[in-house]
Each structure stands twice: as structure tokens, then as C-alpha cells.
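The opening residue of the sequence shown carries number 0 in numbering that gives the first Met the number 0; numbering runs sequentially from there. Here is the structure we will look at, set down as C-alpha cells.
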Amino acid sequence: MTVRRDLDALARLGVLEKVHGGAVPVAEASTYEPGFEAKSGLELTAKEDIAKAAAAMVTPGTAIGLAGGTTAFALAQQLLEVPDLTVVTNSVRVADVFYNAQRSAAALGGAAPRPGAATVVLTGGVRTPSDTLVGPVADAAVRSLHFDVLFLGVHGISVEAGLSTPNLAEAETNRHFVRSARRVVVVADHTKWGTVGLSSFASLDQVDALVTDPGLPAAARAEIAEYLPELVVAGEPVEAASDI
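Here it is as C-alpha cells:
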């Protein structure tokens, strides 16, 4: 019964499809978009390492854009200790990280604000399966603002398609994020390389840096190095990463 319950739970999350006698993985078409919960349990160590490396790029007093996704969610948790940030996000989950941290501090009763207290601007918009807000309202909010650096999680990244997503509205909102940023940093684990979603929203020459994990093959690293000014392999010894 335990196996059956587990299969039922995974089917509800969209990770697999039940068939006679068992289950099979869901085919990832260019329009397939798993929900936040389905993605949150994948590549946990890689996402944590990526988040730590990306947070090290942020200096106090920075205005940052933080788009949606589970890697961005991990990054938000690391940014709690960076002082005086202004964070613009279209992610309900990311906004909750900062809100809950401040609420917990206030609940201590007269406690001083957290050292990483941030001003968070949450765009409005229509909610996607990954708990991001998209559409005309979100687009207008992002267009009116400017960031020192944008941290962007992606559904897929490739030389041919650049950065892509299965959600058309999310692609448009991400285009505005990219245009509003002085520096664009993609945070994505190795499984995103070679994946192509329905809609591209940025080419690789619009990206300043990619923060990824050691699972990215050497051939892919060499290919990326031809297009991006900076490649950071989080969780890998410095001497190994510098050989790229």
C-alpha cells in the first residue's frame, strides 16, 4: 500500500503518469511545466550550492531582481543575511521567504531587525504552476524598475534557444526582467542545459554569468565559455573549475 500511495502522490505532483501495472515518467514536451512542489525536491544539493555561490556575488545595498523558481527560492534564503537589499520579485515563494523572516524576528518581541532586512517589491499578475506572477500587471511593474543585478532561474538553457520556458506569459515577463537589469546572472543546475521550452526570452549574449553545479559536462562547459563572460561551478574545487 505504501508504494501505491507514493505513486499516487507523485502522479498528483505531475512527476509521473500511472499506467496499468505501474507508472512512467511524464514526457517533458516543450509546453510541459511541472509545479513548484514537483521541482522543489529535485537536485537539492546542487541548488543549495548554487544559491550560496550566487549570494556571494551580492553586496550590501544592492537592488536585485529575483525571478521565480526553486533555485531562486534557495537563493532567497541565502540572501537573508545580506544587509540593506532591495528585492524585486514576481515569485510568491521568494517574497514569503523575506516576509516570514521579518515576521519571525518581530515575534521575538522587541528584537532588533535582522541584519539582512530587505525591502521587497512583489509584482502583481497571474499565478503560474511554479508560483510566479506573470502577465500585463507584472510586466508593467518590472518595466518601471531597474536592478543592479538579476538572478534568473530557467526551465531550459541552450546555445540555439538561449533561455526558455514552457509558459508564454512567463517568457514575456522574463524579457522585461532582463531588459531592466544591468547584469544578468542565470542560476541553473546541470539538468537545465540542453532543455528547450516553448518560448525563448533571452539569448546567451544577454547573460553575464551562469552559476551551475559540477554535474555540467566538460563539453557543455567549453561550449558555454564561448558565449558567456563568466561560468561559476558551485561546489567544485577552485582549481578544477579554473581549468575550464
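Glycine included, each C-beta is placed from N, C-alpha and C at the ideal position. This structure is a prediction, so every number in the text was calculated from the model and none was measured.
**Request:** Would you kindly work out how many angstroms separate the C-alpha atoms of G60 and V81, rounded to a whole number?
**Result:** Here residue 60 is taken as the residue at index 61 of the sequence shown, counted from 1. Here residue 81 is taken as the residue at index 82 of the sequence shown, counted from 1. About 8 Å.
**Beta-carbon proximity of G64 to L144, cut-off 9 Å** = Counting from one through the sequence shown, the residue named residue 64 turns up at place 65. Counting from one through the sequence shown, the residue named residue 144 turns up at place 145. Yes, Cβ-Cβ distance for G64 and L144 is below 9 Å.
**Asked** If you draw a straight line from the alpha carbon of M123 to that of S198, how long is it in whole angstroms?
**Response** What you label residue 123 is simply residue 124 of the sequence shown in a count that begins at 1. What you label residue 198 is simply residue 199 of the sequence shown in a count that begins at 1. For the sequence presented, residue 123 should be read as Gly rather than Met. Looking at the backbone, the Cα of G123 and that of S198 are separated by about 22 Å.
**Prompt:** Between which two residues does the alpha helix (DSSP H) carrying F176 extend?
**Reply:** As a working mapping, residue 176 is identified with position 177 in the sequence shown. Segment L167 to R178, the alpha helix (DSSP H) holding F176.
**Asked** If we ignore side chains and look at the alpha-carbon of each, how far apart do D43 and R220 end up?
**Response** Counting from 1 along the sequence shown, the entry for residue 43 is found at position 44. Counting from 1 along the sequence shown, the entry for residue 220 is found at position 221. The sequence given here has Leu at residue 43, not Asp. Straight across, the Cα-Cα distance linking L43 with R220 is about 21 Å.
**Message:** Can you give me the C-alpha to C-alpha distance between P213 and F200, rounded to a whole angstrom?
**Reply:** For this step, residue 213 is matched to residue 214 along the sequence shown. For this step, residue 200 is matched to residue 201 along the sequence shown. Straight-line Cα distance between these residues: approximately 26 Å.
**Per-residue burial, N173 [other beta carbons within 10 Å of its own, 16 or more giving buried]** = Sequence index remark: in the sequence shown, residue 173 carries index 174 (1-based). Buried, since its Cβ has 16 or more Cβ neighbours within 10 Å.
**Request:** Would you mind working out which of T211, T58, V87 and A71 sits nearest S179, comparing C-alpha positions?
**Result:** Position 180 of the sequence shown, counted from the first residue, corresponds to residue 179. The residue with the shortest Cα to Cα distance from S179 is V87.
**Assumed close pair L84, V158 - CB separation to whole angstroms, cut-off 8 Å** = As a working note, residue 84 is residue 85 in the sequence shown. As a working note, residue 158 is residue 159 in the sequence shown. About 33 Å separates the two Cβ atoms, so there is no contact after all.
**Request:** Return yes when the Cβ of V184 is within less than 9 Å of the Cβ of L215, no when it is not.
**Result:** As a position in the sequence shown, residue 215 is number 216, starting the count at 1. As a position in the sequence shown, residue 184 is number 185, starting the count at 1. Between L215 and V184, the CB-CB gap reaches or exceeds 9 Å.
**Message:** Quick check on T118: buried or exposed, where buried means 16 or more other Cβ atoms within 10 Å of its Cβ?
**Reply:** Within the sequence shown, numbered from 1, the residue matching residue 118 stands at position 119. When all chains shown are included, T118 counts as exposed.
**Item:** Residues bridged to T118 [DSSP beta-bridge criterion]
**Value:** Locating residue 118 in the sequence shown gives position 119, counting from the first residue. Answer by DSSP bridge pairing, in chain order: T85.
**Request:** Taking A226 as the reference, give the member of T70, D207, Y98 and L78 with the closest Cα.
**Result:** For the purposes of this step, residue 226 is taken as residue 227 along the sequence shown, with counting starting at 1. Per the sequence shown, the amino acid found at residue 226 is Tyr instead of Ala. Nearest C-alpha to Y226: D207.
**Asked** Under the three-state reduction of DSSP, which class applies to S103: helix, strand or coil?
**Response** Sequence index remark: in the sequence shown, residue 103 carries index 104 (1-based). Reduced to three states, the DSSP call for S103 is helix.
**Request:** Grab me the residues of A252's own chain with a C-beta within less than 8 Å of its C-beta, minus the 5 sequence neighbours each way, in chain order.
**Result:** The requested residue 252 does not occur in the structure, where the chain is confined to residues 0 to 243.
**Message:** I'd like the span of the beta strand (DSSP E) that includes V185, first residue to last.
**Reply:** The residue labelled residue 185 in the question sits at position 186 within the sequence shown. Going by DSSP, V185 is part of the beta strand (DSSP E) stretching over V183 to V186.
**Inter-residue Cα distance where the pair is L209 and A66** = In the sequence shown, residue 209 corresponds to position 210, counting from 1. In the sequence shown, residue 66 corresponds to position 67, counting from 1. One C-alpha to the other measures close to 15 Å.
**Message:** So, with DSSP's three-state summary, where would you put V141?
**Reply:** Residue numbering aside, residue 141 sits at position 142 when the sequence shown is read from its first letter. It is helical.
**Asked** Using a Cβ-Cβ cut-off of 6 Å (strictly less than) and excluding sequence neighbours within five positions of L151, which residues of its own chain qualify?
**Response** The residue labelled residue 151 in the question sits at position 152 within the sequence shown. So the list reads A66 and V185, once near-sequence residues are dropped.
**Message:** Please determine whether the Cβ atom of P213 lies at a distance below 8 Å from any heavy atom of the ligand GDP.
**Reply:** Looking at this structure, you won't find the ligand GDP or any other ligand, since it has none at all.
**Message:** Within 10 Å of its beta-carbon, does N99 have 16 or more other beta-carbons around it, so buried, or fewer, so exposed?
**Reply:** Start at 1 with the first residue of the sequence shown, and residue 99 comes out as number 100. Label assigned to N99: exposed.
**Message:** Can you find the residues in the same chain that come closer than 6 Å, C-beta to C-beta, to E235, ignoring five residues on each side of it along the sequence?
**Reply:** Start at 1 with the first residue of the sequence shown, and residue 235 comes out as number 236. Excluding residues within five positions, the ones whose Cβ falls inside 6 Å are P213.
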